[in-house]
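Remarks on the structure that follows.
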Ligand code: SF4
């Protein structure tokens, strides 16, 4: 057989049928469901008199709308009535259709992209979809994973399949080793800064190279999480021993004879050495320094020793206007140094950076120090109830609290501010999330994307600092 | 799904690249469990001067007169003209719902974000990819006239401006058929139920660990 990329292997193994125009009916192994993009899909199903095709392929949780304080008080205590209805609607739909759901305050509940891998519900070789663009996260396991819209949520519920077109293949090889203090988040922000927010449009991006191989599974998830911010629907990383070690023993992972069979099958999940990619990019990972975004999309990013760009020096008029608009929105001036940006809030959380290693990394930085007086609020929001429990077992919550951080219940929280956690207009936030769009973290809010260690150091200093000199 | 065959209407130029889904419909409105009611919040942050919440009476909010959507000449615009990477960001289908409900039937841009592009087709909103040079030509035409009307003929795959300007465009044939006929994709897929079952039994044999029941 001709040499194939990892993407092509995953595609080939899931095609149910192909159509004349090149689109295919692709079988979906895992469908993750949350409260925001599913109500209209369940309604559509009911109206058409349909039922889910295969219940055990679905796993649901509530994350976007849940409060991050006092979850144990229950759904009825959610203050915002529209949020409460949405959470209750998912509960009711899952109960009615018989879909497994981790309800609010169940320790297994949390951000959908954190709990899938944590439970082993995301496995190598799977197709994984969810009504959420950051489904690309699960590609870290050598799974074909991407976000879908609500009509497709309904389609997958009803048919266990998706009608889809083959993506182009892109490989981004990042050499190593990464410098001291440089994290997965810095790698992906740097990559997006290089290729742009539309750089991967239409592609599945496979991340490879020494820098990627050296990352833990959690770091790989951070990288794939933001593939969508480079325009790619899917990110991918080949399966290796790191992947297999992570998966073993998780609740949904295979056991016994199945485990050995699965591991053998997963060993094929890498691109063949002579496989052809439509686009092949090489990045020198040794050049990457801690990154900070200054603008209103994730490609507007620079190193911590950098400065905000000067629009007067940009020739392309659309680009120049984009930078001008971003500087105005962000309240920054041309050539201002990144380290001079003063912060009002700090958010450590989101499906990009709310796993245990992220919290450990941030805790290490803040231990024994205090959040700067000028910082109004510093939040730590674990990605799941299990992450929270583990962090508390390790005493990380105590470190954060002693430093002046608020320690919260799990959820999406200030990543998109659908609950009560949000920025005020004009406030600058060092955030470990993935999107710095206008208004993303609250109307008029100004988001700077950084790694957990950089966010933690910024909280202490009150402005951005190079965590490597910390 | 609403059919799309042939539409004629005023083109509203939105001269910005990377218009993201948070701009198209901000997240506070995604708390709705309905498919409707989003038109009034299309481009909410740009369109109104004061912030809005789902329970706000939007008719009492202060309008931003500088935002193009609020210009009287574009009140009945049907075609949105945009720049690169339109619809980037989240997977929210509320974005095409809001655009459609407001009254647009098509968005023309040099490129779209993948998920937005896909979602649009499921709802009878035509995301039309046009060469950057042709998009530039259309921007020039909208800027040179009070309003500029365009006819999109999906069956013929042509654009015809009121001044005689014309261009062709390409589109995936399956998607074209679905739009022309307003097809229910789930119904179409379920016609292949036997093939899905056959695949499933192969998969169950090859990878039993993926099945818990
Ligand atoms: S944490 Fe943020 S990006 Fe991730 S799923 Fe939640 S809202 Fe989306």
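Residue numbers (my numbering), protein chains in the order written: chain C, 5 to 474; chain X, 8 to 220. Each residue gets a CB set at the ideal place from its N, CA and C atoms; glycine is no exception.
DSSP, read as helix, strand or coil, puts residue 210 (chain C) in strand. Residues of the same chain with a CB within less than 8 Å of the CB of residue 176 (chain X), apart from the 5 flanking positions on each side, are 135, 136, 137, 164, 165 and 166 in chain order. Rounded to whole angstroms, the separation of the alpha carbons of residue 83 (chain X) and residue 141 (chain X) is 23 Å. According to DSSP, residue pairing for residue 119 (chain X) in a beta bridge involves X:93.
At a Cβ-Cβ threshold of 8 Å, residue 385 (chain C) and residue 358 (chain C) count as neighbours.
Going by DSSP, residue 383 (chain C) is part of the beta strand (DSSP E) stretching over 381 to 384.
In the DSSP assignment, residue 19 (chain X) falls within the unbroken beta strand (DSSP E) covering 13 to 20. The shortest CA-to-CA distance from residue 33 (chain X) to any of C:460, C:422, C:170 and C:473 is the one to C:422. Shortest Cα-Cα distance from residue 144 (chain X) to any of X:101, X:10 and X:22 involves X:22. 8 Å or more divides the Cβ of residue 201 (chain C) from the Cβ of residue 69 (chain C). By the beta-carbon neighbour count (other beta carbons within 10 angstroms, threshold 16), residue 121 (chain C) is buried. Exclusion of the five residues before and after residue 188 (chain X) leaves 10 as the residues of its chain whose Cβ lies within less than 8 Å of its Cβ. Distance between residue 141 (chain C) and residue 209 (chain C), taken at the CA atoms: about 12 Å. Burial of residue 121 (chain X) is indicated by the presence of at least 16 other C-beta atoms within 10 angstroms of its C-beta. Straight through space, the alpha carbons of residue 160 (chain X) and residue 415 (chain C) are spaced by roughly 46 Å.
Residue 254 (chain C) carries a coil assignment under DSSP once its states are collapsed to helix, strand and coil. Checking the DSSP bridge columns, you'll see residue 172 (chain C) partnered with C:207.
Listed by position along chain X, the residues whose Cβ is nearer than 7 Å to that of residue 420 (chain C) are 34. Residues of the stretch 15 to 33 of chain C with a Cβ closer than 9 Å to any Cβ of chain X, in chain order: 17, 18, 19, 20, 21, 23, 24, 25, 26, 27, 29, 31 and 33. Among the residues facing chain C, residue 188 (chain X) is not included, as its CB has no counterpart in that chain under 8 Å away. Under the rule that a run must span 4 or more residues, the alpha helix (DSSP H) segments found entirely inside the stretch 150 to 217 of chain X read 180 to 188, 192 to 197 and 200 to 213. In the structure shown, residue 40 (chain X) falls within a coil segment according to DSSP collapsed to helix, strand and coil. For residue 196 (chain X), the closest Cβ of chain C is nearer than 8 Å. Residue 19 (chain C) sits in a strand when the DSSP states are folded into three classes. DSSP places residue 134 (chain C) in the uninterrupted beta strand (DSSP E) bounded by 131 to 134.
Shortest gap from the CB of residue 115 (chain C) to any heavy atom of the ligand SF4: under 7 Å. Close to residue 202 (chain X), with beta-carbon spacing below 7 Å, are these residues of chain C in chain order: 20 and 21. Chain-order list of chain X residues neighbouring residue 40 (chain C): 37, 38 and 99, by C-beta distance under 8 Å. Under the Cβ criterion (8 Å, minimum of three pairs), the stretch 64 to 80 of chain X counts as touching the stretch 13 to 27 of chain X.
Nearest Cα to residue 55 (chain C) within the set C:163, C:27 and C:138: C:163. Distances taken from the Cβ of residue 136 (chain C) to the heavy atoms of the ligand SF4 include one shorter than 7 Å.
Listed along the chain, the chain X residues whose CB falls inside 7 Å of the CB of residue 255 (chain C) amount to none; the nearest CB is some 11 Å away. With contacts defined as CB atoms closer than 8 Å, residue 161 (chain C) and residue 145 (chain C) fail to qualify as a contacting pair.
Contact fails between the stretch 262 to 274 of chain C and the stretch 286 to 306 of chain C, because fewer than three Cβ pairs, one in each stretch, are under 8 Å apart. Taking CB atoms only, residue 150 (chain X) has no neighbour in chain C less than 8 Å away. Short of 6 Å from the beta carbon of residue 104 (chain C), and not among the five residues preceding or following it, lie these beta carbons of its own chain, in chain order: 63.
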